[in-house]
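Note that the sequence shown covers residues 58 to 288 in the working numbering.
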Amino acid sequence: MKHIRVGDLMTAEVFSVVSATSFKEVAKLLAEHDVSGLPVLDDEDRVVGVVSESDLLSRQAAEHPVTDAAPEATTTPGSAEEEVTAAEVMSAPAVTVRAGETVPEAARLMTRRGVERLPVVDEEDRLVGIVTRRDLLCLFLRPDAEIRRRIQEDILADVMGLGADAVAVHVVDGVVTLAGRLENRGQIAVLTHLAEQLDGVVTVVNRLTARVNDLVTTPPVSATHGPSAQP
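1. In whole angstroms, give me the CA-to-CA distance for Ile208 and Asp100.
2. Apply the 10 Å Cβ neighbour rule to Phe80 and answer buried if 16 or more other Cβ atoms are within range, or exposed otherwise.
3. Taking Cβ positions, are Val177 and Val154 nearer each other than 8 Å?
4. Count the other CB atoms, across all protein chains shown, that sit within 10 Å of the CB of Arg191; report buried if there are 16 or more and exposed otherwise.
5. Excluding the 5 residues flanking Ala252 on each side, which residues of the same chain have their C-beta closer than 8 Å to its C-beta?
6. Count the other C-beta atoms from every protein chain shown that fall within 10 angstroms of the C-beta of Gly94, then say buried if there are 16 or more, exposed otherwise.
7. Within 10 Å of its beta-carbon, does Thr142 have 16 or more other beta-carbons around it, so buried, or fewer, so exposed?
8. Compare the beta carbon distance of Asp256 and Arg199 with 8 Å and say whether it is the shorter of the two.
9. Pick helix, strand or coil for Gly94, following the three-state DSSP scheme.
10. Checking the sheet assignment: what are the DSSP bridge partners for Ser109?
11. How big is the Cα-Cα spacing for Gly64 and Val97?
12. Please report the distance separating the alpha-carbon of Ala250 from that of Arg62.
13. Taking the beta carbon of His60 as the centre, do at least 16 other beta carbons fall within 10 Å, making it buried, or is it exposed?
14. Could you tell me the distance, in whole angstroms, from the CA atom of Asn270 to the CA atom of Leu239?
15. Whole angstroms is fine: what's the gap from Gln244's alpha carbon to Met217's?
16. How many angstroms separate the CA atom of Ala88 from the CA atom of Glu82?
Structure below.
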(Lines of atoms letter the chains of each structure in order from A and count residues from 1; the text may use other names and numbers.)
(Lines give C-alpha, C1' and ligand atoms only; values in the text may rest on other atoms or scores of the structure.)
Protein backbone atom coordinates (compact mmCIF):
# COMPACT_ATOMS: atom_id res chain seq x y z
CA MET A 1 0.00 0.00 0.00
CA LYS A 2 1.39 3.36 -1.02
CA HIS A 3 2.02 5.94 1.72
CA ILE A 4 2.35 9.66 1.12
CA ARG A 5 6.02 10.63 1.20
CA VAL A 6 7.73 13.80 2.38
CA GLY A 7 8.46 14.65 -1.26
CA ASP A 8 4.71 14.80 -1.93
CA LEU A 9 4.15 17.51 0.69
CA MET A 10 7.39 19.48 0.74
CA THR A 11 7.84 22.99 -0.63
CA ALA A 12 10.43 22.78 -3.40
CA GLU A 13 11.09 26.53 -3.59
CA VAL A 14 13.08 27.14 -0.42
CA PHE A 15 14.51 30.41 0.85
CA SER A 16 17.94 29.80 2.35
CA VAL A 17 21.08 31.60 3.49
CA VAL A 18 24.79 30.81 3.59
CA SER A 19 27.01 30.65 6.63
CA ALA A 20 28.35 34.18 6.08
CA THR A 21 24.92 35.84 5.82
CA SER A 22 24.67 38.62 8.40
CA PHE A 23 22.31 38.66 11.37
CA LYS A 24 20.52 41.67 9.90
CA GLU A 25 20.04 40.02 6.50
CA VAL A 26 18.68 36.83 8.10
CA ALA A 27 16.14 38.86 10.08
CA LYS A 28 15.17 40.73 6.92
CA LEU A 29 14.62 37.51 4.92
CA LEU A 30 12.52 35.95 7.68
CA ALA A 31 10.25 39.01 7.72
CA GLU A 32 10.07 39.46 3.93
CA HIS A 33 9.13 35.85 3.21
CA ASP A 34 6.99 35.35 6.34
CA VAL A 35 8.84 32.21 7.44
CA SER A 36 10.11 31.27 10.88
CA GLY A 37 13.32 29.52 9.86
CA LEU A 38 15.87 29.24 7.04
CA PRO A 39 18.28 26.42 6.11
CA VAL A 40 21.96 27.44 6.17
CA LEU A 41 24.01 26.08 3.27
CA ASP A 42 27.72 25.62 2.64
CA ASP A 43 29.49 26.34 -0.66
CA GLU A 44 28.14 23.10 -2.20
CA ASP A 45 24.50 23.66 -1.19
CA ARG A 46 24.70 21.13 1.62
CA VAL A 47 22.61 21.90 4.70
CA VAL A 48 24.83 22.64 7.68
CA GLY A 49 22.26 24.17 10.02
CA VAL A 50 18.98 26.02 10.42
CA VAL A 51 18.59 29.58 11.68
CA SER A 52 15.23 30.53 13.16
CA GLU A 53 13.50 33.44 14.80
CA SER A 54 14.18 31.78 18.15
CA ASP A 55 17.90 31.65 17.39
CA LEU A 56 17.96 35.37 16.60
CA LEU A 57 15.97 36.30 19.69
CA SER A 58 18.21 34.15 21.89
CA ARG A 59 21.28 35.91 20.51
CA GLN A 60 19.75 39.33 21.09
CA ALA A 61 18.82 38.41 24.65
CA ALA A 62 22.40 37.28 25.31
CA GLU A 63 23.85 40.43 23.78
CA HIS A 64 21.45 42.76 25.59
CA PRO A 65 20.47 41.33 28.99
CA VAL A 66 17.69 43.16 30.79
CA THR A 67 19.00 45.16 33.78
CA ASP A 68 17.72 47.90 36.02
CA ALA A 69 20.54 50.21 35.02
CA ALA A 70 20.10 52.65 32.18
CA PRO A 71 21.77 51.53 28.93
CA GLU A 72 25.19 53.04 28.39
CA ALA A 73 25.01 52.90 24.59
CA THR A 74 22.53 52.20 21.82
CA THR A 75 22.88 49.81 18.92
CA THR A 76 23.93 51.51 15.72
CA PRO A 77 24.27 50.28 12.15
CA GLY A 78 27.43 48.25 11.74
CA SER A 79 27.39 47.04 15.36
CA ALA A 80 27.07 43.55 16.89
CA GLU A 81 23.89 42.25 15.22
CA GLU A 82 25.04 43.22 11.74
CA GLU A 83 28.47 41.66 12.19
CA VAL A 84 27.17 38.38 13.60
CA THR A 85 26.67 35.73 10.90
CA ALA A 86 24.18 32.93 10.36
CA ALA A 87 26.90 30.39 11.21
CA GLU A 88 27.19 31.88 14.70
CA VAL A 89 23.50 31.76 15.61
CA MET A 90 22.20 28.73 13.67
CA SER A 91 21.19 25.44 15.25
CA ALA A 92 23.62 22.77 14.09
CA PRO A 93 23.93 20.10 12.95
CA ALA A 94 20.70 20.42 10.98
CA VAL A 95 17.93 17.87 11.50
CA THR A 96 17.07 16.80 7.95
CA VAL A 97 14.89 14.26 6.16
CA ARG A 98 14.91 12.55 2.76
CA ALA A 99 12.10 13.02 0.24
CA GLY A 100 11.40 9.28 0.25
CA GLU A 101 10.61 9.10 3.97
CA THR A 102 6.96 8.65 4.93
CA VAL A 103 4.98 11.42 6.57
CA PRO A 104 4.60 9.52 9.89
CA GLU A 105 8.38 9.05 9.99
CA ALA A 106 8.92 12.77 9.44
CA ALA A 107 6.34 13.62 12.12
CA ARG A 108 8.06 11.34 14.64
CA LEU A 109 11.43 12.93 13.84
CA MET A 110 10.02 16.43 14.35
CA THR A 111 8.51 15.44 17.68
CA ARG A 112 11.62 13.60 18.90
CA ARG A 113 13.99 16.44 18.01
CA GLY A 114 11.62 19.27 18.96
CA VAL A 115 11.77 21.10 15.61
CA GLU A 116 9.06 22.76 13.54
CA ARG A 117 10.60 22.32 10.10
CA LEU A 118 12.81 19.80 8.32
CA PRO A 119 15.05 20.65 5.36
CA VAL A 120 14.63 17.92 2.75
CA VAL A 121 17.93 16.71 1.29
CA ASP A 122 19.12 14.36 -1.44
CA GLU A 123 21.64 11.52 -1.13
CA GLU A 124 24.49 14.04 -0.91
CA ASP A 125 22.76 16.19 1.73
CA ARG A 126 22.00 18.96 -0.78
CA LEU A 127 18.84 20.97 -0.18
CA VAL A 128 15.85 20.00 -2.36
CA GLY A 129 12.94 21.30 -0.30
CA ILE A 130 11.50 21.90 3.15
CA VAL A 131 8.59 20.43 5.09
CA THR A 132 6.92 22.02 8.14
CA ARG A 133 4.54 20.90 10.86
CA ARG A 134 1.79 22.75 9.00
CA ASP A 135 2.50 20.71 5.86
CA LEU A 136 2.18 17.46 7.80
CA LEU A 137 -1.05 18.55 9.49
CA CYS A 138 -2.57 19.23 6.05
CA LEU A 139 -2.49 15.48 5.51
CA PHE A 140 -5.37 15.12 7.96
CA LEU A 141 -7.48 17.46 5.84
CA ARG A 142 -7.64 14.79 3.12
CA PRO A 143 -11.22 14.56 1.74
CA ASP A 144 -13.31 11.74 3.18
CA ALA A 145 -14.22 10.59 -0.32
CA GLU A 146 -10.54 10.07 -1.15
CA ILE A 147 -9.95 8.07 2.04
CA ARG A 148 -12.95 5.88 1.21
CA ARG A 149 -11.70 5.32 -2.33
CA ARG A 150 -8.23 4.32 -1.13
CA ILE A 151 -9.66 1.79 1.33
CA GLN A 152 -11.83 0.25 -1.38
CA GLU A 153 -9.27 0.26 -4.21
CA ASP A 154 -5.86 0.09 -2.51
CA ILE A 155 -6.69 -2.12 0.47
CA LEU A 156 -9.75 -4.23 -0.32
CA ALA A 157 -9.06 -4.76 -4.03
CA ASP A 158 -5.28 -4.48 -4.52
CA VAL A 159 -3.87 -5.73 -1.22
CA MET A 160 -6.53 -8.20 -0.01
CA GLY A 161 -7.82 -9.35 -3.39
CA LEU A 162 -11.45 -8.72 -2.46
CA GLY A 163 -14.07 -6.70 -4.27
CA ALA A 164 -14.06 -2.96 -3.65
CA ASP A 165 -17.60 -3.38 -2.29
CA ALA A 166 -16.79 -6.39 -0.10
CA VAL A 167 -17.70 -4.33 2.96
CA ALA A 168 -19.44 -1.01 3.52
CA VAL A 169 -16.96 1.83 4.07
CA HIS A 170 -18.18 5.09 5.60
CA VAL A 171 -15.85 8.02 6.31
CA VAL A 172 -16.78 11.19 8.21
CA ASP A 173 -14.09 13.72 9.23
CA GLY A 174 -11.40 11.07 8.89
CA VAL A 175 -13.25 8.54 11.10
CA VAL A 176 -13.67 5.29 9.16
CA THR A 177 -16.51 2.87 9.88
CA LEU A 178 -16.26 -0.64 8.41
CA ALA A 179 -19.42 -2.75 8.35
CA GLY A 180 -20.36 -6.09 6.80
CA ARG A 181 -19.19 -9.70 6.82
CA LEU A 182 -15.90 -11.19 5.67
CA GLU A 183 -14.92 -14.82 5.32
CA ASN A 184 -12.82 -15.03 8.48
CA ARG A 185 -11.57 -13.04 11.46
CA GLY A 186 -8.05 -12.94 10.06
CA GLN A 187 -9.28 -10.79 7.19
CA ILE A 188 -10.98 -8.45 9.66
CA ALA A 189 -7.74 -7.99 11.57
CA VAL A 190 -5.79 -7.26 8.37
CA LEU A 191 -8.36 -4.82 6.99
CA THR A 192 -8.64 -2.93 10.27
CA HIS A 193 -4.87 -2.65 10.65
CA LEU A 194 -4.30 -1.43 7.08
CA ALA A 195 -7.12 1.11 7.33
CA GLU A 196 -5.64 2.50 10.56
CA GLN A 197 -2.28 2.95 8.80
CA LEU A 198 -3.78 4.84 5.87
CA ASP A 199 -2.66 8.46 5.62
CA GLY A 200 -5.39 10.84 6.79
CA VAL A 201 -7.33 8.32 8.91
CA VAL A 202 -8.08 9.51 12.44
CA THR A 203 -9.52 6.25 13.79
CA VAL A 204 -11.34 3.11 12.62
CA VAL A 205 -14.68 1.85 13.97
CA ASN A 206 -14.90 -1.90 13.38
CA ARG A 207 -18.41 -3.31 12.87
CA LEU A 208 -17.33 -6.33 10.86
CA THR A 209 -18.30 -9.95 11.46
CA ALA A 210 -16.82 -13.20 10.11
CA ARG A 211 -18.36 -16.35 8.66
CA VAL A 212 -15.53 -18.47 10.08
CA ASN A 213 -13.57 -18.01 13.29
CA ASP A 214 -10.04 -18.89 12.21
CA LEU A 215 -8.37 -17.31 15.24
CA VAL A 216 -9.33 -20.03 17.72
CA THR A 217 -6.59 -20.58 20.27
CA THR A 218 -5.19 -24.13 20.32
CA PRO A 219 -5.94 -25.74 23.70
CA PRO A 220 -2.88 -26.42 25.85
CA VAL A 221 -1.37 -29.89 25.59
CA SER A 222 -1.41 -31.91 28.78
CA ALA A 223 1.95 -32.33 30.45
CA THR A 224 1.27 -36.08 30.90
CA HIS A 225 1.91 -38.22 27.82
CA GLY A 226 1.34 -41.91 27.23
CA PRO A 227 -0.21 -44.41 29.62
CA SER A 228 -0.17 -43.66 33.30
CA ALA A 229 2.60 -45.22 35.33
CA GLN A 230 1.92 -48.64 36.85
CA PRO A 231 2.27 -49.06 40.59
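Positions of the beta carbon are idealized from the N, C-alpha and C atoms, including for glycine.
The answer reads as follows:
1. Your numbering for residue 208 matches position 151 in the sequence shown. Your numbering for residue 100 matches position 43 in the sequence shown. Approximately 46 Å, taken between the alpha carbons.
2. Counted from its first residue, the sequence shown places residue 80 at position 23. Flag for Phe80 reads buried.
3. For the purposes of this step, residue 177 is identified with residue 120 of the sequence shown, where counting begins at 1. For the purposes of this step, residue 154 is identified with residue 97 of the sequence shown, where counting begins at 1. Contact flag set, yes.
4. On the sequence shown, residue 191 is found 134 positions in, with the first residue counted as 1. Exposed is the call here.
5. Taking the first residue of the sequence shown as 1, we reach residue 252 at position 195. Excluding sequence neighbours, Ala252 sits near Ile208, Ile212, Val233, Leu235, Val258 and Val261.
6. Counting from 1 along the sequence shown, the entry for residue 94 is found at position 37. Buried, by the Cβ-count rule.
7. Translated into the one-based positions of the sequence shown, residue 142 becomes position 85. Under this definition Thr142 is a buried residue.
8. On the sequence shown, residue 256 is found 199 positions in, with the first residue counted as 1. On the sequence shown, residue 199 is found 142 positions in, with the first residue counted as 1. Yes, the pair counts as a contact, with Cβ atoms nearer than the cut-off.
9. Against the sequence shown, residue 94 aligns to sequence position 37. Three-state result, Gly94: strand.
10. Taking the first residue of the sequence shown as position 1, residue 109 is located at position 52. For Ser109, which the question treats as bridged, DSSP gives the partners Gly94.
11. As a position in the sequence shown, residue 64 is number 7, starting the count at 1. As a position in the sequence shown, residue 97 is number 40, starting the count at 1. The straight-line gap from Cα to Cα measures roughly 20 Å.
12. Locating residue 250 in the sequence shown gives position 193, where the first residue counts as 1. Locating residue 62 in the sequence shown gives position 5, where the first residue counts as 1. According to the sequence as given, residue 250 is His; it is not Ala. In a straight line, the C-alpha of His250 is about 20 Å away from that of Arg62.
13. For this step, residue 60 is matched to residue 3 along the sequence shown. Label assigned to His60: exposed.
14. By 1-based counting over the sequence shown, the position of residue 270 is 213. By 1-based counting over the sequence shown, the position of residue 239 is 182. Approximately 10 Å, taken between the alpha carbons.
15. Counting from 1 along the sequence shown, the entry for residue 244 is found at position 187. Counting from 1 along the sequence shown, the entry for residue 217 is found at position 160. Roughly 8 Å between the two C-alpha positions.
16. Here residue 88 refers to the residue found at position 31 of the sequence shown. Here residue 82 refers to the residue found at position 25 of the sequence shown. Roughly 10 Å between the two C-alpha positions.
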